[in-house]
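A short worksheet on the structure shown next.
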Amino acid sequence: MSETSDILATAAAWRAAGEDVAIATVTQTWGSSPRPAGSQLAITRSGKMAGSVSGGCIEGAVADIGLEVLDSGTPRLMDFGITDERAWEVGLACGGKLKVFVERLA
Amino acid sequence: MTPDILEALTAARAAKRPVVLATILADGTQMLLPDSVRSEALNNAARQALERDESTTVTLEGADIFLHAYAPPIRLVIVGAVHIAQSLVPMAAHLGVSVIVVDPRRSFATAERFPNVTLMDDWPDDAMDKIAPDSRTAIITLTHDPKLDDPALDRALRSDAFYIGSLGSRKTHASRLARLRDLGHDDAALARIRGPVGLHIGAVTAPEIALSILGEFVAVRRNAEPKK
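Top to bottom, those sequences are chains P and H. 110 is the number that my numbering gives the last residue of the first sequence; the numbers go up by one with no jumps. 1623 is the number that my numbering gives the last residue of the second sequence; the numbers go up by one with no jumps.
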């Protein structure tokens, strides 16, 4: 019962069709993060998106990092979370904290 | 992810072979597990992730390693290609479950009524012997017909199936249990059958009944014992 496998299949199909594809995967969560470890978001340079790594809070930021990873080819491990109540706009409204691994599908 | 890793991972999943994609988070190096050339500690951690069907980050020999568990999908065996099954099948498929519909009555189990699903027209006991239910299998009988439901439930009770549900009123269920007791199943075994099947949400229509059954199925699957 895991939808993540479908995201990988979608990403692989995009790659096979010649798209540049990055995959973001939740590797660890703390507190009330909405998606468990293993949840995935696939993005393409052309702007396609499938899946999710949060309830919509950080997908935009993750997609931007995905594009950087596509350019550099170097995977990145990102931290997201609230450390300060006033840090609303850069964190998760739910108060959770998570790590996301972003890689290029070569 | 390299094309080699993606290809091997895709092949394992297509063969329904449990596999873990391990990523060393510091540099992105990836490998598939279990693999005899890797350390015992790493393979054990991978097996544990698969058993729990839970992806996790572990720290081994000073390195943070993400273990992405790809367990094969849970199987749901539906006995009775009836109207409720027509609602149950697409909803279950949407949950990522691999669905098998069993019904020896050819006019019920047609590809037209059940597109994109595995159909078996064997008698339920023969079908069960072929399916060989394990601890990642759920079985639901929907026919109300003792000659179809009973052999399926008999086989289900002799298996490790994690969820066994049977549609029917309390009265139907009581007489069903009496028949299964005559087949040698004791009270502890019979208590495994969820009947009347499903959560109590006042379901009336076929899709509502399917929702009630799948609600209970998810609760059991996620270890949240449902309230009746």
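Virtual Cβ for every residue (Gly too), placed ideally from N, Cα, C.
Under 7 Å between the Cβ atoms of residue i and residue j?
i: K1411 of chain H; j: P1467 of chain H; result: yes
i: T1452 of chain H; j: T78 of chain P; result: no
i: I1473 of chain H; j: V1496 of chain H; result: yes
i: E107 of chain P; j: G1590 of chain H; result: no
i: L1471 of chain H; j: A1488 of chain H; result: no
i: A1586 of chain H; j: L1552 of chain H; result: no
i: G35 of chain P; j: G100 of chain P; result: yes
i: V1484 of chain H; j: V1492 of chain H; result: no
Please work out which residues of its chain come closer than 8 Å, Cβ to Cβ, to residue i, disregarding the five sequence neighbours upstream and downstream, and give them in chain order.
i: I1624 of chain H; result: Lying outside 1396 to 1623, the shown extent of chain H, residue 1624 of chain H is not represented and no answer is given.
i: I1596 of chain H; result: E1603, L1606, S1607, G1610
i: L71 of chain P; result: A26, I47, R49
i: E89 of chain P; result: Because E89 of chain P sits at a pLDDT of 49, beneath the cut-off of 50, its placement in the model cannot be relied upon, and the following sentence gives the value as read from the coordinates. Excluding residues within five positions, none has a Cβ falling inside 8 Å.
Go through its chain and collect everything with a Cβ distance to residue i's Cβ below 6 Å, but skip five positions before and after it.
i: A15 of chain P; result: V25, I27, A46, L109
i: A54 of chain P; result: I11, T14, A46
i: A1556 of chain H; result: P1528, T1532, I1534
i: E1456 of chain H; result: none
i: T1 of chain P; result: Past the boundaries of the shown model lies residue 1 of chain P; chain P is included only from 5 to 110, so the question cannot be answered.
i: T1405 of chain H; result: none
i: L1562 of chain H; result: L1537, V1592
i: T1418 of chain H; result: Q1425, F1461
i: L1572 of chain H; result: L1585
i: E1446 of chain H; result: none
i: R1550 of chain H; result: D1520, M1523
Of the choices the options, whose alpha-carbon is the least far from that of residue i?
i: A41 of chain P; options: H:E1402, H:D1430, H:A1464; result: H:A1464
i: P1519 of chain H; options: H:D1545, H:E1507, H:S1570, H:D1529; result: H:D1545
i: D1498 of chain H; options: H:T1532, H:D1516, H:A1409, H:V1592; result: H:D1516
i: R1625 of chain H; options: H:I1460, H:V1414, H:T1454; result: Chain H is shown only over 1396 to 1623; residue 1625 of chain H falls outside these bounds and no answer can be derived.
i: V1477 of chain H; options: H:A1584, H:S1530, H:F1509, H:L1548; result: H:F1509
i: V73 of chain P; options: H:S1564, H:F1461, H:M1396; result: H:M1396
i: D83 of chain P; options: P:L71, P:V57, P:D75, P:K52; result: P:V57
i: T1420 of chain H; options: H:S1530, H:P1398, H:A1407, H:I1460; result: Note that residue 1420 of chain H is Leu in the sequence shown here, rather than Thr. Checked all of H:S1530, H:P1398, H:A1407, H:I1460; the closest Cα to L1420 of chain H is H:I1460.
i: S1554 of chain H; options: H:L1445, H:R1565, H:I1588, H:H1539; result: H:I1588
i: N1618 of chain H; options: H:Y1558, H:R1576, H:G1475; result: H:Y1558
i: H1539 of chain H; options: H:D1582, H:S1431, H:A1614, H:T1567; result: H:T1567
i: T1454 of chain H; options: H:N1439, H:E1446, H:A1407; result: H:N1439
i: L1543 of chain H; options: H:D1577, H:R1500, H:T1513, H:S1570; result: H:R1500
i: G1475 of chain H; options: H:S1570, H:G1560, H:F1612; result: H:G1560
Given this structure, state the Cα-to-Cα distance separating residue i from residue j, to the nearest angstrom.
i: P38 of chain P; j: H1580 of chain H; result: 42 Å
i: N1511 of chain H; j: F1503 of chain H; result: 15 Å
i: G85 of chain P; j: W18 of chain P; result: 30 Å
i: A1409 of chain H; j: A1522 of chain H; result: 22 Å
i: D1448 of chain H; j: I1479 of chain H; result: 29 Å
i: S1482 of chain H; j: T1505 of chain H; result: 15 Å
i: R80 of chain P; j: S1434 of chain H; result: 25 Å
i: L1548 of chain H; j: R1574 of chain H; result: 11 Å
i: E63 of chain P; j: G51 of chain P; result: 13 Å
i: V1599 of chain H; j: R1616 of chain H; result: 24 Å
i: A67 of chain P; j: C61 of chain P; result: 12 Å
i: S1564 of chain H; j: A1614 of chain H; result: 21 Å
i: K103 of chain P; j: E1507 of chain H; result: 46 Å
i: S1450 of chain H; j: T33 of chain P; result: 11 Å
i: A1444 of chain H; j: L1437 of chain H; result: 11 Å
i: E1620 of chain H; j: L1594 of chain H; result: 11 Å
i: A20 of chain P; j: S1530 of chain H; result: 35 Å
i: A1601 of chain H; j: V1432 of chain H; result: 52 Å
i: A65 of chain P; j: S76 of chain P; result: 17 Å
i: P1631 of chain H; j: A1407 of chain H; result: As shown, chain H starts at 1396 and ends at 1623. That puts residue 1631 of chain H outside it, with no answer to give.
i: P1398 of chain H; j: D1582 of chain H; result: 53 Å
i: T1513 of chain H; j: A1458 of chain H; result: 43 Å
i: D1577 of chain H; j: A1569 of chain H; result: 13 Å
May I ask you to check if the CB of residue i is nearer than 6 Å to at least one heavy atom of the ligand MG?
i: A1527 of chain H; result: Absence of the ligand MG from the depicted structure is noted, as is the absence of any ligand whatsoever, leaving it without description.
Please go through the same chain and pick out, in chain order, the residues whose beta-carbon is closer than 7 Å to the beta-carbon of residue i, but skip the five residues on each side of it.
i: T48 of chain P; result: W18, E23, D24, V25
i: A1403 of chain H; result: L1427
i: I69 of chain P; result: R80, M82, V106
i: F1612 of chain H; result: A1533, Y1558
i: P1429 of chain H; result: N1438, A1441, R1442
Chain H contacts made by the stretch 60 to 85 of chain P, where a contact means CB separation under 9 Å: Cβ proximity to chain H below 9 Å picks out T78, P79, R80, L81 from the stretch 60 to 85 of chain P.
Residues, ordered as in the chain, of the stretch 40 to 57 of chain P that lie near chain H by beta-carbon distance below 7 Å: So the close ones are A41, G42.
Under 7 Å (Cβ pairs) to chain P, residues found in the stretch 1409 to 1437 of chain H: The residues in question are T1418, L1420, G1423.
Residues, ordered as in the chain, of the stretch 21 to 41 of chain P that lie near chain H by beta-carbon distance below 9 Å: So the close ones are I27, T29, V30, T31, Q32, P40, A41.
Residues of the stretch 1509 to 1537 of chain H with Cβ closer than 7 Å to any Cβ of chain C, in chain order: The question asks about chain C, but that chain is absent: this structure's protein chains are P and H.
Residues in the stretch 1468 to 1494 of chain H having any Cβ partner in chain P nearer than 8 Å: Residues of the stretch 1468 to 1494 of chain H with a Cβ closer than 8 Å to any Cβ of chain P, in chain order: P1468, I1469, L1490, G1491, V1492.
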